[in-house]
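Participant:
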Amino acid sequence: MAEKEVTSLASGHEGTVRDQARSYLLRLKDGEMGSVPAIGATIFLALVFQFLSPFFFTKINFTNMFVQAAELTMLAAALVFVILLAEIDLAAGVTAGVAMAVFIRLLQAGWSWIPALGMSFVVGIIVGLIIGYMVAKIGVPSFVVTLAFFLGFQGLQLLLLGEGGVYRIEVPEVIAIMNSNMPAWAGWAMLAIALLLSFIVSLWDRNRRTMTGLVNKPFSIIIMKLAVVGALGAVAIYIMNLNRSQGVIPIKGVPIVVPITLAILGICTLILDRSKFGRHLYAVGGNPEAARRAGIKVVSIRVWAFIICAILAVVSGLFHASRLQSVDGSAGKTIVLSGVAAAVVGGVSLFGGRGRISHAVIGAFVITMIDNGLGLLQMPAGVNYLVQGGVLLLAATIDALARRRGGVVGRN
Amino acid sequence: MSSPVVQLVDIKKSFGPVDVLKGIDITCYAGQVTALVGDNGAGKSTLIKGLSGVQPYDSGKVIFAGEEVSITTPGQASSYGIEVVYQDLALCENLDIVQNMFLGHEEMLHGTLHEPEMERLATKALQSLSVKTVKSVRQKVSSLSGGQRQTVAIARSVLREAKLVILDEPTAALGVAQTEQVLNLVKRLASQGVAVIIISHNLNDVFQVADQISVLYLGKMVANLDRRETSYDDVVAYITGTKTQEGN
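The following block contains the structure:
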């Protein structure tokens, strides 16, 4: 056995751009579709709504959709962490609601907004910890635990805020998140920073592979990816920087929520893709017994997933409160199911172990577009729910079929 | 003969009133394949579970690399260099080959996963076993056949620089060609100086790979046979209890 013996073991980094494209298509054929169906759906829906409604592709609606999608994106990203474990957190929305109720009550008690907000996150963390403990350590199914919290916390919200209580948030910093925009230059700077960071990470990865003595993918692939992202980003920022006001006072710029969301999603992606915790999370989601035998602390991974889910859910609740500029006693009740739908529609598998943060983002856009588009067409809310339900059913079916296909491939 | 890696002396284990192991002696040597055979209920699994730390023995000595040790947890077993390849393999189908081989023992650099290094070491481990059936080390395990999965599980023990590898029925679910591949893999593993214990019901397999055949019968070691000096019929006779070896 010579040390230098050339074997057929590949790593997926070999070959030209054309080889890479071919192997990508092959993976699609094998059922590893990821978010491709959801991206297709986004384009399809955009075309249909544009055809049906002259308002759909206006400057104002384009920007609106980003703001509308922010809450759902954050909640779907939160749910990714538990769905990857084949668990569910039906209480994510009401956890956020309770956290926001605590926030407003503390503000009313004279706290300044930063410690009050900090406290609401502490509430989220404690709730995540309790749910995680009950699921992972005691072994109560997450569906039941979180359903119980879902019911109980609706009551807690009512008790904290009173029947029908709606309270205005008087904190300009919080209201600004969803209602203010960045100056034009800041939007471009955001795009430049995002592209630069992703370029640096790519170079860093290449450098590591080179130092280890492994082959790299063609450099042009990095440039092509950056060019596509850059072009799409530039179009979006250009549109958002146009004056979209229908009145006298101009409204323009990228909403402040966009960079906040991008930063949080970026961090989540790094955690899932590049940290030991992320790797172990996928492992527990794929095969808990194998993970246990490999020495992974399965209980602690599960508990942390619920804690992270609760923290991100509180962020989503903060976005919601910021958009409405108020906190009410029924927040978070309906959005959680849309969050699950968004994650699944985007390609996160309910069977656990498969899915990415980016899938949640795309899924959230699909659901938001349906919501937004049907609203513009002045369809009754009933139709909206029916369509969303249908899309979720379709996505879950694709998920189950892809999984079955994967299983068949594995057995031959 | 090469040096003994592990020596079990007078191992006993009972579950309540049932004596499952009644004083077992066995020695495994570096670079040798020891086949552990015996009918159902003979105590093969119990013997293995004690060595892997899942279910400690009641009494007896475990001598590992010349020193008496006590193995009470899987972590301890692993730290001595004992790796078990389970029948159900314990792989995560949603992860690729490299990720599975390093699961729980990831290489890190600057606080992040050092993927290239893991890829390099995994490739090296697979190459050292002359694995040619796997296309890419970045293939998801869900896309692998049973034999390929067995290969990944065995290669994982090479990666951990195991001194003793225990294989539980590695060919039970495999077809003819894949069984052949896995048995060759076991031979190559032993040729790297690893002591291998293989549990199997299939005597064809046993005679193909084993250097030493140890027969358990109702909790007693009834025979330690040199494969070259014994026959198929002999082993069957020991397994079924119609023949016993002198001095045991």
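Chains A and B, in that order, are what the protein sequence lines are.
Residue numbers for the first sequence, in the working numbering: 321 to 732.
Residue numbers for the second sequence, in the working numbering: 21 to 268.
Glycine included, every Cβ here is placed at the ideal spot set by N, Cα and C.
1. Could you give the C-beta distance for R564 of chain A and T383 of chain A, rounded to a whole number, given that I count them as a contact under 8 Å?
2. Determine the chain B residues that contact I616 of chain A at a beta-carbon separation under 9 Å, and present them in chain order.
3. Are T415 of chain A and A630 of chain A close, meaning C-beta to C-beta below 9 Å?
4. Measure how close the beta-carbons of G605 of chain A and N114 of chain B come, nearest whole angstrom, since I'm counting them as under 8 Å.
5. Does R140 of chain B pass the burial test, meaning 16 or more other C-beta atoms within 10 Å, or should it be called exposed?
6. Is the number of C-beta pairs between the stretch 136-150 of chain B and the stretch 186-202 of chain B that are closer than 8 Å three or more?
7. At least one CB of chain A closer than 9 Å to the CB of G43 of chain B: is that the case?
8. Using a C-beta to C-beta distance shorter than 7 Å, which residues of chain B count as neighbours of T736 of chain A?
9. Would you mind reading off the limits of the alpha helix (DSSP H) that contains I174 of chain B?
10. Whose C-beta lies closer than 8 Å to the C-beta of N202 of chain B among residues of the same chain, with five residues either side of it excluded?
11. Looking only at its chain, what residues have a beta carbon closer than 6 Å to the beta carbon of Q645 of chain A, apart from the 5 residues adjacent to it on each side?
12. Below 8 Å, can you find three or more Cβ-Cβ pairs linking the stretch 62-71 of chain B to the stretch 229-242 of chain B?
13. Around the Cβ of F539 of chain A, are there at least 16 other Cβ atoms within 10 angstroms (buried) or fewer (exposed)?
14. Got a sec? Which residues, its chain only, sit under 7 Å from L372 of chain A by beta carbon, not counting five neighbours each side?
15. Less than 9 Å between CB atoms is the rule here; does P76 of chain B satisfy it with respect to chain A?
16. Counting C-beta neighbours from all protein chains within 10 Å, is the total for M531 of chain A 16 or more, i.e. buried, or is it exposed?
17. Find the nearest neighbour of G70 of chain B within the set B:T250, B:I233, B:I31, judged by alpha-carbon distance.
18. Quick one: give me the first and last residue of the beta strand (DSSP E) that F35 of chain B is part of.
19. Please name the residue or residues paired with D188 of chain B in a DSSP beta bridge.
20. Short check: CB of S211 of chain B to CB of V57 of chain B, under 9 Å?
21. Does the Cβ of G649 of chain A have 16 or more other Cβ atoms within 10 Å, making it buried, or fewer, making it exposed?
22. Kindly indicate which three-state DSSP category S522 of chain A falls into: helix, strand or coil?
23. Which bits of chain B does K266 of chain A rub up against, with CB to CB less than 8 Å?
24. Have a look at B:E88, B:V105, B:M121, B:L205 and flag the residue whose alpha-carbon is nearest the alpha-carbon of P94 of chain B.
25. Any contact between the stretch 666-683 of chain A and the stretch 604-621 of chain A? By contact I mean 3 or more CB pairs, one from each, below 8 Å.
26. In three-state terms, what does DSSP make of R676 of chain A?
27. Roughly how many whole angstroms lie between the Cα atoms of S34 of chain B and K596 of chain A?
28. For the stretch 452-468 of chain A, enumerate the residues whose C-beta is nearer than 7 Å to any C-beta of chain B, in chain order.
29. Taking Cβ-Cβ distances below 9 Å as the criterion, which residues of the stretch 77-111 of chain B are in contact with chain A?
30. Does the beta carbon of E113 of chain B come closer than 9 Å to any beta carbon on chain A?
31. Find the residues of chain A that neighbour R180 of chain B, judging by a C-beta separation of less than 8 Å, and give them in chain order.
32. In its own chain, which residues sit with a C-beta less than 8 Å from the C-beta of L515 of chain A, not counting the 5 before and 5 after it?
33. Starting from K240 of chain B and walking both ways along the beta strand (DSSP E), at which residues does that stretch end?
34. Taking all protein chains shown into account, do 16 or more other C-beta atoms lie within 10 angstroms of the C-beta of M498 of chain A, making it buried, or fewer, making it exposed?
Facilitator: To lay it out plainly:
1. 6 Å
2. L123, G124
3. yes
4. 7 Å
5. buried
6. no
7. no
8. It is not possible to answer for residue 736 of chain A, since the shown part of chain A is limited to 321 through 732.
9. 166-179
10. One point to set straight first is that residue 202 of chain B is Val, not Asn, in the sequence displayed. Counting only Cβ-Cβ distances below 8 Å, and skipping sequence neighbours, we find G167, Q170, T171, I174, P190, T191, L194.
11. I489, I495
12. yes
13. exposed
14. L697
15. no
16. exposed
17. B:I31
18. 24-35
19. B:I219
20. no
21. buried
22. helix
23. Nothing can be reported for residue 266 of chain A, as the shown portion of chain A is limited to 321 through 732.
24. B:V105
25. yes
26. coil
27. 40 Å
28. none
29. P94, G95, S98, V104, Y106, D108, L109, A110, L111
30. yes
31. Under the 8 Å cutoff, chain A gives no residues; its nearest Cβ is about 11 Å from R180 of chain B.
32. L546, V549, G550, G553
33. 240-246
34. buried
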